[in-house]
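Peer 1: Read in order, the letters of the sequence shown are residues 18 to 100 in the numbering used here.
Even glycine gets a Cβ: it sits at the ideal position worked out from N, Cα and C.
From a predicted model like this one, the values you see are computed outputs, not experimental measurements.
Here it is, the structure, as structure tokens.
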Amino acid sequence: MPRIVVDVMPKPEILDPQGKAIVGALPRLGFTSFSGVRQGKRFELTVDGEVTAEILEQARRAGTTLLSNPVIEDVVNVELLAD
18 MPRIVVDVMP KPEILDPQGK AIVGALPRLG FTSFSGVRQG KRFELTVDGE
68 VTAEILEQAR RAGTTLLSNP VIEDVVNVEL LAD
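Okay, structure coming up:
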């Protein structure tokens with residue numbers, strides 16, 4: 018069955034304490050090439066049947082109304098997951 022991926026990230030102006038903790042830990046673990054981290058959420062929605070433009074739009078609307086907190090988060094990506 019096809020799946021749609023919805024990625025949600027904190028808005029740029031929102032502090033990201035989890036991302037800050039990760040970026041602080043990276044050098045201690047030998048990962049020195051990274052200067053910033055933002056942590057978000059990924060949702061995979063399984064679709065019964067064919068994925069149409071209308072179903073992708075429904076996934077986007079679900080992302081903005083249910084899967085994210087629109088005050089502090091943005092839906093940054095909605096796409097069909099390649100199998």
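Residues bridged to PRO27 by DSSP?
Peer 2: GLU90
Peer 1: Which same chain residues end up closer than 7 Å to PRO19 when comparing Cβ atoms and leaving out the 5 residues on each side of it in sequence?
Peer 2: Once the five neighbours on either side are set aside, the close Cβ partners of PRO19 are VAL64, VAL68 and LEU97.
Peer 1: Confirm, please, whether the CB-CB distance from GLU61 to VAL23 is below 9 Å.
Peer 2: In this structure, VAL23 lies near GLU61, with their beta-carbon atoms less than 9 Å apart.
Peer 1: Drop a sphere of 10 angstroms on the beta-carbon of VAL95, count the other beta-carbons inside from all chains shown, and report buried for 16 or more, exposed for fewer.
Peer 2: buried
Peer 1: Between the Cα of ALA38 and those of PHE51, GLU90 and GLU30, spot the shortest distance and give me the residue it belongs to.
Peer 2: PHE51
Peer 1: Following the continuous beta strand (DSSP E) through LEU62, name the residue where it begins and the one where it ends.
Peer 2: 58-63
Peer 1: Roughly how many angstroms separate the alpha carbons of VAL92 and LEU32, rounded to a whole number?
Peer 2: Those two C-alpha atoms are separated by around 17 Å.
Peer 1: For GLY41, count the other beta carbons within 10 Å of its own beta carbon; 16 or more makes it buried, fewer makes it exposed. Which is it?
Peer 2: exposed
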